[in-house]
Amino acid sequence: MASGLNALRSALPVAAALLALLLLWQFGTTALDVPAYILPKPAEILATALGRIGFFGGELYVTLVEAVGGFLIGSVLGILLAVAMILLPVLEVMLMPLAMVINAVPSIAFVPLVLLWFGLGMSSKIAIGALAVVFVVLLNLLSGLKRPEAESINLLRSFGASRLGILWRLQLPAGMPALVTGLRVGLARSTIAVIVAEMMGAYSGIGQVIYQATAQVDSLTVWAAVFVASLGSLALYGVLVALDRKLVWWR
Amino acid sequence: MADLAQAQAGATMPGQPYMELVNVWKRFGEGDKQTVAVRNVDLAIQPGEFVTLIGPSGCGKSTLFNMIAGLLPSDSDGSILVKGKAQQDGALLGKVSFMPQRDLLFPWRTVLDNATLALEVEGMPKRLARQKAEALFPEFGLKGFEQHYPHQLSGGMRQRVALMRTFLFERDLILLDEPFGALDALTRSMMQRWLLDIWEKHRRTVLFITHDIDEAIFLGDKVVVMTARPGTIKCQETITLPRPRDVSVVTTPEFMEVKKKLLAVVEEESLKTFASATMRP
Chain B
1 MASGLNALRS ALPVAAALLA LLLLWQFGTT ALDVPAYILP KPAEILATAL GRIGFFGGEL
61 YVTLVEAVGG FLIGSVLGIL LAVAMILLPV LEVMLMPLAM VINAVPSIAF VPLVLLWFGL
121 GMSSKIAIGA LAVVFVVLLN LLSGLKRPEA ESINLLRSFG ASRLGILWRL QLPAGMPALV
181 TGLRVGLARS TIAVIVAEMM GAYSGIGQVI YQATAQVDSL TVWAAVFVAS LGSLALYGVL
241 VALDRKLVWW R
Chain H
1 MADLAQAQAG ATMPGQPYME LVNVWKRFGE GDKQTVAVRN VDLAIQPGEF VTLIGPSGCG
61 KSTLFNMIAG LLPSDSDGSI LVKGKAQQDG ALLGKVSFMP QRDLLFPWRT VLDNATLALE
121 VEGMPKRLAR QKAEALFPEF GLKGFEQHYP HQLSGGMRQR VALMRTFLFE RDLILLDEPF
181 GALDALTRSM MQRWLLDIWE KHRRTVLFIT HDIDEAIFLG DKVVVMTARP GTIKCQETIT
241 LPRPRDVSVV TTPEFMEVKK KLLAVVEEES LKTFASATMR P
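The listed protein sequences derive, respectively, from chains B and H.
So in the UniProt record's numbering, spot 94 of the first sequence is number 94, and the numbers just go up one at a time.
So in the UniProt record's numbering, spot 43 of the second sequence is number 43, and the numbers just go up one at a time.
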């Protein structure tokens, strides 16, 4: 109850700022008579989005499934790799340079290749989403798993704990805050990668809608799609904040 | 708990020490860069005995402790025996109840679950471990704090949780590495008396590191003094002060006499440490 009230109180200034921006936008474009193809009015964008809600909803659904799918696969891979590297340090020595090299290139650069390998459907977007997530989760979790000091590890050893016991009781919980950071950055990255990949070649999805509408100089649809996409990302972000509270409950 | 300690202590031969260190060494590094942390340590700890160990800072006390806990192998010239049996590398892990200097409580565990950590590692079901720990809460002055998190506790309370965690790991020998070092003087003296109460009730063998002479005499059956680095045992003093002891014991002539004697030895060693530190080019 109290936390709900607090959440409302902290959300209020954000909502007020957003509303002010929309009002300024609405009246600014009207007063200055800005043509719609340069910057449409927010009321029109909203009307377009709501008018074709079924269409936008369906496209957003495709994008979200791809982004979340890629995020889940990439996260699981990243977590498994980090755990494997902690248990077998030689793996880190062998694989980390390769990971760094792949990570140094923006994942978007791999889109043409991935389209070639996985086709224009959803699987190529999921693959690119996973690629965008895996290294950020791996690097963050690995640094988190290494955080506990030798003293704490020794304490568990003195109780007779095994390597896995130390991982489970000490390193994993201690690594949770870093993992959550990795997941948060990863989710944003996978959403971006998926939308850009859709713009470069897809049958459906918000990115493809933006691409086609741009080609037809239909700026209202472009803006409506951007608006819908940002709502979708906001919802995903909310899920992650909840996950943060679940994984790092002791703060 | 007391039964277990007695039963296991009873398994040793009469007069046989629970643990024996024979010519224990620890050197770090090779050749010219080699430093000797611990040299030629001989020490016997009787079952149920409370042994305190003092020495200047950096004398290798903690290195010695880590070897006794099995965390660090001792050099091959000497050996550590438990009930007369030599302990090979790592054999001591899980056999000694070890409490490091810092409380090392896990921030994501409640006080209760921090206390049960060792029991969980041993494979005891969570429910049972919690039941067992809960019974100790009043005795450790932590009743009502079971569901708190460590950051909500004072330093003295955190230290008691760490002690409870150590106690619940029921081993014959308890190693305590300056457990009260970080506490203020008042809390410290309260904790000392409280520890003696607990010890008298449970009668486990204790090896307690400190750099406070009063603490060493007040708590111990035997005070062991270490030399400056490389650390070895300079002398041992049996404390015959009657138990149970309370604060007034600190002002008795007997106490003063032992303190004077030990102070002279410790002072000498501290000066050596100080001199070698300041004269280093």
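Built from N, CA and C at the ideal position, the CB exists for glycine as well.
Inset, instruction - State the beta-bridge partners of G231/H as determined by DSSP. - result: V38/H.
Inset, instruction - Could you tell me the boundaries of the beta strand (DSSP E) in which residue 282/H lies? - result: Outside the shown range of chain H, which is 1 to 281, sits residue 282/H, and nothing can be said about it.
Inset, instruction - Select from S62/H, T238/H and Q46/H the residue whose C-alpha is nearest the C-alpha of L81/H. - result: Nearest of S62/H, T238/H and Q46/H to L81/H, Cα basis: Q46/H.
Legend entry - Given K61/H as reference, the closest of S276/H, F208/H, R109/H and K261/H once Cα atoms are compared: The shortest C-alpha separation from K61/H is found at F208/H.
Legend entry - Per-residue DSSP class, three states only, for I209/H: I209/H falls in the strand class under three-state DSSP.
Inset, instruction - Could you tell me if F56/B is buried or exposed, where buried requires 16 or more neighbouring beta carbons within 10 angstroms of its beta carbon? - result: F56/B comes out buried.
Inset, instruction - Assign R59/H to buried or exposed, taking buried as 16 or more other Cβ atoms, counted over all protein chains shown, within 10 Å of its Cβ. - result: Note that residue 59/H is Cys in the sequence shown here, rather than Arg. With 16 or more other Cβ atoms within 10 Å, it is buried.
Inset, instruction - Please compile the residues from chain H whose C-beta is within a distance smaller than 7 Å of the C-beta of A161/B. - result: Going along chain H in sequence order, the residues near A161/B (Cβ under 7 Å) are V121.
Inset, instruction - May I have the straight-line CA-CA distance separating L115/B from A127/B, to the nearest angstrom? - result: One C-alpha to the other measures close to 9 Å.
Legend entry - Amino acids of chain B, ordered along the chain, whose beta-carbon sits closer than 9 Å to that of V38/H: None at all; the shortest Cβ gap to chain B is about 17 Å.
Inset, instruction - Check the Cβ-Cβ distances between R102/H and every residue of chain C, and say whether any is below 8 Å. - result: This model lacks chain C altogether, as its protein chains are B and H.
Legend entry - Closer than 8 Å to chain B by CB, F145/H: Interface flag for F145/H against chain B is unset, since no Cβ pair is found closer than 8 Å.
Legend entry - Nearest-angstrom Cα separation, counted from G238/B out to V68/B: Straight across, the Cα-Cα distance linking V68/B with G238/B is about 13 Å.
Legend entry - Extent of the continuous alpha helix (DSSP H) run through M124/H: Run containing M124/H: none; DSSP gives neither H nor E here.
Inset, instruction - Hey, could you find the ends of the alpha helix (DSSP H) P110/B is sitting in? - result: This sequence places Phe at residue 110/B; Pro is not what is there. It is not in any alpha helix (DSSP H) - F110/B carries neither H nor E in the DSSP assignment.
Legend entry - C-beta contact flag for K125/B and A213/B at 8 Å: No, Cβ-Cβ distance for K125/B and A213/B is not below 8 Å.
Inset, instruction - Please confirm whether residue 286/H and R171/H have their CB atoms less than 8 Å apart. - result: For chain H, the structure presents residues 1 to 281; residue 286/H sits outside this window and is missing.
Inset, instruction - Output the distance between the C-alpha atoms of I73/B and E139/H, rounded to the nearest integer angstrom. - result: Pairing I73/B with E139/H, the inter-Cα distance amounts to about 50 Å.
Inset, instruction - Name the one or two DSSP bridge partners that A44/H has. - result: Partner(s): E20/H.
Inset, instruction - Could you check which residue in L39/B, L77/B and L141/B has the C-alpha nearest to that of L172/B? - result: Cα-wise, what sits closest to L172/B is L141/B.
Legend entry - Cβ separation of L156/B and G165/B, assumed to be a contact under 8 Å, to the nearest whole Å: Going by Cβ atoms, the distance from L156/B to G165/B rounds to 7 Å, so yes, they are a contact pair.
Legend entry - Short Cβ contact (8 Å threshold) for D177/H with M99/H: It is a contact, given that the beta carbons lie within the stated cut-off.
Inset, instruction - Indicate, with yes or no, if the ligand SAH has a heavy atom lying under 7 Å from the CB of L170/B. - result: In the structure on display, the ligand SAH does not appear, and there are no ligands present to speak of.
Inset, instruction - Scan the stretch 132 to 160 of chain B for residues whose Cβ lies nearer than 8 Å to a Cβ of chain H and list them as they occur along the chain. - result: Going along the stretch 132 to 160 of chain B in chain order, one finds E151, S152, N154, L155, L156, R157, S158, F159 and G160 with a Cβ nearer than 8 Å to chain H.
Inset, instruction - Indicate whether at least one CB of chain B lies closer than 8 Å to the CB of V161/H. - result: Not flagged as an interface residue toward chain B: V161/H, since no C-beta distance is shorter than 8 Å.
Inset, instruction - Find the nearest neighbour of E149/B within the set V134/B, L167/B, L8/B and L138/B, judged by alpha-carbon distance. - result: Ranking V134/B, L167/B, L8/B and L138/B by Cα distance to E149/B puts L167/B first.
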